[in-house]
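Following the working numbering, the numbering of the sequence shown begins with 7 at its first residue and continues without gaps. Heads up, the beta-carbon is just placed ideally off N, CA and C, and yes, glycines get one too.
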Amino acid sequence: MHLKMPRGNNYAGITTTNTWGFTTLAPPAATVTVNPTSLAFGTVTAGTSSVAQTFAYTTTGLTAGLTLAAPTGFDISRDGTTWSSSIVYTLAEAQAGQTVSVRFSPGIANTTYSGLINFSSTGLNTNAETLSGNSNTGGSGPLNFYFGNMHAHSSYSDGNADNTTKIPSDDYTFAKTSLCFDFLGISEHNHATAGMSINDWAPGRAQAAAATTSSFVGMYGMEWGVISGGGHVIVYGMDSLVGWEAGNYQIFVQKSVYTGASGLFSILNRHGGNALAYLAHPNSTDYNNVLGSAFDVSADNAIVGTAVESGPAFSTNTTYTNPGTSLSYYSYYKNMLAKGYHLGPTIDHDNHNMTFGHTAKTRLVVLSPTLNENSLLDGMRRMRFYASQDCGARITYTLNTQPMGSIITQAGVPTINVNSVTTSAVSTVVIMAGVPGSGTAPAALTTFTTGNFTYTDNALANLAQKYYYLEITEADGTKIVTSPIWYTRNDAARYYVTSVTSLFAINDPETVTIKWTTDNEQAGEEFELQRSVDGGINFYTINRVNGRGNGTMTETYAYTDQQPADGMSYYRLVQRNSNGQQRFSDTRVVNRSKTPASYFTVYPNPVRGMLNVRVAAPFAEKTIAEIFDISGRKVISYAIGLEGGEETFSIDMSGLSNGTYMLKMNVDGKQISRLVNKF
Numbered sequence: 007m008h009l010k011m012p013r014g015n016n017y018a019g020i021t022t023t024n025t026w027g028f029t030t031l032a033p034p035a036a037t038v039t040v041n042p043t044s045l046a047f048g049t050v051t052a053g054t055s056s057v058a059q060t061f062a063y064t065t066t067g068l069t070a071g072l073t074l075a076a077p078t079g080f081d082i083s084r085d086g087t088t089w090s091s092s093i094v095y096t097l098a099e100a101q102a103g104q105t106v107s108v109r110f111s112p113g114i115a116n117t118t119y120s121g122l123i124n125f126s127s128t129g130l131n132t133n134a135e136t137l138s139g140n141s142n143t144g145g146s147g148p149l150n151f152y153f154g155n156m157h158a159h160s161s162y163s164d165g166n167a168d169n170t171t172k173i174p175s176d177d178y179t180f181a182k183t184s185l186c187f188d189f190l191g192i193s194e195h196n197h198a199t200a201g202m203s204i205n206d207w208a209p210g211r212a213q214a215a216a217a218t219t220s221s222f223v224g225m226y227g228m229e230w231g232v233i234s235g236g237g238h239v240i241v242y243g244m245d246s247l248v249g250w251e252a253g254n255y256q257i258f259v260q261k262s263v264y265t266g267a268s269g270l271f272s273i274l275n276r277h278g279g280n281a282l283a284y285l286a287h288p289n290s291t292d293y294n295n296v297l298g299s300a301f302d303v304s305a306d307n308a309i310v311g312t313a314v315e316s317g318p319a320f321s322t323n324t325t326y327t328n329p330g331t332s333l334s335y336y337s338y339y340k341n342m343l344a345k346g347y348h349l350g351p352t353i354d355h356d357n358h359n360m361t362f363g364h365t366a367k368t369r370l371v372v373l374s375p376t377l378n379e380n381s382l383l384d385g386m387r388r389m390r391f392y393a394s395q396d397c398g399a400r401i402t403y404t405l406n407t408q409p410m411g412s413i414i415t416q417a418g419v420p421t422i423n424v425n426s427v428t429t430s431a432v433s434t435v436v437i438m439a440g441v442p443g444s445g446t447a448p449a450a451l452t453t454f455t456t457g458n459f460t461y462t463d464n465a466l467a468n469l470a471q472k473y474y475y476l477e478i479t480e481a482d483g484t485k486i487v488t489s490p491i492w493y494t495r496n497d498a499a500r501y502y503v504t505s506v507t508s509l510f511a512i513n514d515p516e517t518v519t520i521k522w523t524t525d526n527e528q529a530g531e532e533f534e535l536q537r538s539v540d541g542g543i544n545f546y547t548i549n550r551v552n553g554r555g556n557g558t559m560t561e562t563y564a565y566t567d568q569q570p571a572d573g574m575s576y577y578r579l580v581q582r583n584s585n586g587q588q589r590f591s592d593t594r595v596v597n598r599s600k601t602p603a604s605y606f607t608v609y610p611n612p613v614r615g616m617l618n619v620r621v622a623a624p625f626a627e628k629t630i631a632e633i634f635d636i637s638g639r640k641v642i643s644y645a646i647g648l649e650g651g652e653e654t655f656s657i658d659m660s661g662l663s664n665g666t667y668m669l670k671m672n673v674d675g676k677q678i679s680r681l682v683n684k685f
């Protein structure tokens with residue numbers, strides 16, 4: 007390019023000119039930077055998904071939107087809730103930088119997966135963020151008995167009280183010297199008032215991994231909540247610290263909020279993988295009174311167990327002679343079963359001194375094909391465990407050949423088979439039975455004086471449901487309580503091999519998620535999800551899913567209804583096989599009478615500077631977005647004119663201090679709000 011400039015004033019007749027040359031430079035190259043640069047997921051059961059991990063990316067020089075594509079075997083997500091193989095970010099989103107959730111979802115067993123996430127845009131096509139993981143057969147293969155404890159504390163919270171110089175690595179080393187002890191889970195209190203610092207979370211997890219061998223598994227989780235504000239929950243399968251104190255959490259959940267869309271149980275469900283909860287030393291009104299309230303699907307999905315015996319928490323005994331009060335929380339377990347919850351009994355030590363595994367011979371026994379963290383947590387998720395005061399007790403309990411913890415629909419009456427190997431002779435085995443959701447506690451169905459027997463419940467009518475579990479007493483008085491097996495008799499299933507073993511509906515503020523599990527799948531299966539809005543009279547199809555055809559393990563499916571109807575909705579599955587046979591599932595009812603038709607989401611969250619707010623409003627209106635600090639003081643007021651439909655606007659939060667804030671808006675006459683974390 008050349009430019010001529012006249013010297014002097016042309017009006018004076020001066021015509022001499024100077025000439026300059028210019029070079030047009032190319033725009034700067036687009037770049038992307040990720041942190042951390044790699045994520046390793048370890049070993050995960052084929053057909054399941056791992057605990058999610060996250061990475062952050064920043065960009066320079068972008069001129070268009072950005073697409074991320076995951077390699078085979080991995081899923082990515084904006085928010086850790088909705089998963090896919092790719093994500094598209096707008097230019098503004100990509101320029102602001104984002105945090106991406108990743109999970110490992112291998113489809114083939116005994117395979118090593120590795121690859122990079124591809125980042126593509128105008129002028130950009132690069133691979134970054136290395137992902138790796140291995141798959142195994144998980145739930146297939148014979149089940150072994152593994153003995154241990156999942157409720158203990160180190161000096162990273164309020165444990166190691168007898169020597170606070172000790173750290174988790176010391177505790178795992180001591181635990182390995184215990185009799186009949188295959189695993190130790192350290193469950194630190196999740197908050198600073200009990201000694202926990204976020205700076206100790208990653209080191210604790212690393213020390214657990216380093217302590218793990220072929221004969222011992224170290225696990226690191228948390229005991230979430232406070233006794234005075236709703237109770238303690240033991241949490242495993244989470245890679246992030248969940249909390250409420252400013253600067254002392256990676257995932258925010260408000261103190262004492264267990265249920266609801268923003269509560270602990272929903273957060274665990276959204277995290278997926280082997281994230282789980284069991285209830286520690288429960289009181290009748292704990293956990294937002296989950297026992298005394300209406301059945302909560304989200305709680306049922308997250309909770310796998312409840313303690314029937316615990317402690318003594320501050321024992322210094324190392325001679326196996328100081329057990330907790332025998333089955334002191336047993337009634338809570340029975341009442342939760344009566345309510346309809348699917349959970350098993352746990353037993354733990356709640357160690358606060360260097361006594362790990364040595365206080366008593368009481369053990370949580372998990373049935374798993376292999377001894378590793380993923381398999382143990384998978385066994386817990388499947389409720390394949392029992393609480394034993396005898397650390398040598400090996401209890402094999404099946405119903406129609408299915409192991410404890412199973413949820414079964416089959417034709418015909420149920421046949422129970424029990425085989426026992428115990429330290430002391432078995433005195434009695436009581437088969438306890440109840441009707442799920444009846445509100446009536448389980449009662450003794452029959453009693454045996456041997457630990458090896460077969461029993462058939464010929465009284466169970468067609469289409470009736472029961473759960474069955476064992477209460478075993480040995481000659482020396484020690485007790486064992488097993489997880490139940492839930493059985494629905496449906497004689498129409500006689501010629502239909504595949505069983506839908508569970509069906510759940512999760513009612514979130516903007517969506518309804520339907521989740522179901524199957525056993526014994528055959529090739530050519532199809533599942534059709536239907537919804538009714540007229541009281542279950544007329545159903546219409548909202549989704550179809552092809553079955554995976556895996557006949558050797560439990561399969562899990564889910565579908566999110568992104569546009570649920572207001573009011574009462576009814577959901578059911580139509581199951582079809584390759585022979586054209588079909589059958590209908592039970593119906594799940596969702597009440598959305600109080601769910602606003604409008605909604606909004608915020609991202610990124612946590613936020614450093616600009617907060618993006620995506621709003622869906624039914625019509626055009628003027629409103630105000632207000633941000634309040636944790637004390638209730640209004641710190642930002644932002645007037646906006648909504649045009650109706652979905653739109654996005656931004657609020658600058660860079661001038662606010664780090665901490666937790668509440669964003670509130672009134673849309674369509676309803677106040678809607680979101681918690682926002684500033685860092």
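Integer Cβ distance of residue i from residue j, believed to fall under 8 Å
i, j, result
"Ser175", "Ala217", "6 Å"
"Phe125", "Leu45", "No, Phe125 and Leu45 are not in contact; Cβ-Cβ is about 15 Å, not under 8 Å."
"Val608", "Val673", "Going by Cβ atoms, the distance from Val608 to Val673 rounds to 14 Å, so no, they are not a contact pair."
"Phe625", "Met668", "Their Cβ separation, rounded to whole angstroms, is 25 Å, which puts Phe625 and Met668 out of contact at 8 Å."
"Asp356", "Gly317", "5 Å"
Pairwise C-alpha distance: residue j and residue i
i, j, result
"Arg578", "Gly266", "23 Å"
"Ala62", "Tyr178", "33 Å"
"Phe320", "Gly243", "26 Å"
"Asn406", "Thr446", "25 Å"
"Asn597", "Tyr347", "19 Å"
"Gly278", "Val241", "13 Å"
"Thr434", "Thr368", "19 Å"
"Gly145", "Ala564", "Since pLDDT at Gly145 reaches only 46, below the 50 mark, its modelled position is unreliable, and no value is offered."
"Val419", "Thr462", "7 Å"
"Leu370", "Gly191", "11 Å"
"Pro490", "Ser91", "37 Å"
"Asn133", "Thr60", "17 Å"
"Glu653", "Arg620", "6 Å"
"Asn140", "Gly385", "18 Å"
Neighbourhood of residue i by C-beta, 7 Å cutoff - its chain only, sequence neighbours within 5 removed
i, result
"Leu662", "Val641 and Lys684"
Residues of its chain near residue i, where Cβ-Cβ distance is below 8 Å and the 5 sequence neighbours each way are ignored
i, result
"Gly615", "Ala102, Asp658, Met659 and Ser660"
"Ala36", "Thr65, Thr66, Gly67, Leu68, Thr69, Ser127, Thr128, Gly129 and Leu130"
"Asp188", "Tyr152, Phe153, Gly154, Ser221, Phe222, Val223 and Leu377"
"Asn254", "His197, Ala198, Met202, Ser203, Ile204 and Leu247"
"Val539", "Ala571, Gly573, Met574, Ser575 and Tyr576"
"Glu632", "Lys640, Ile642, Ser643, Tyr644, Leu669, Lys670 and Met671"
"Thr171", "Ser161"
Where residue i falls, given that 16 or more other Cβ within 10 Å makes a residue buried
i, result
"Glu315", "buried"
"Asn556", "buried"
"Ile123", "buried"
"Pro448", "buried"
"Ile630", "exposed"
"Leu476", "buried"
"Glu99", "buried"
"Asp497", "exposed"
"Gly553", "buried"
"Pro610", "buried"
N- and C-terminal bounds of the beta strand (DSSP E) containing residue i
i, result
"Asp177", "Where Asp177 is concerned, there is no enclosing beta strand (DSSP E), although the alpha helix (DSSP H) it sits in stretches over Pro174 to Ala181."
"His195", "Phe189 to His195"
"Met225", "Val223 to Trp230"
"Asn549", "Tyr546 to Asn552"
"Leu97", "Unbroken run through Leu97 is the alpha helix (DSSP H), Leu97 to Ala102; no beta strand (DSSP E)."
Nonlocal neighbours in the same chain, by C-beta distance under 6 Å from residue i, ignoring five residues either side
i, result
"Pro351", "Val314, Tyr339, Ala393 and Val487"
"Val424", "Tyr403 and Phe459"
"Gly311", "Tyr284, Leu349, Gly350 and Thr352"
"Ser656", "Met616 and Asn618"
"Asn81", "Inspection of the sequence shows that residue 81 is occupied by Asp rather than by Asn. Only Trp89, Arg109 and Ser111 meet the Cβ criterion."
"Lys182", "Phe222"
Start-to-end residues for the alpha helix (DSSP H) that takes in residue i
i, result
"Pro351", "Element bounds for Pro351: not the alpha helix (DSSP H) but the beta strand (DSSP E), Gly350 to Asp354."
"Ala389", "It should be pointed out that residue 389 corresponds to Met in this sequence rather than to Ala. It is not in any alpha helix (DSSP H) - Met389 carries neither H nor E in the DSSP assignment."
"Arg276", "Leu270 to His277"
"Tyr339", "Tyr336 to Lys345"
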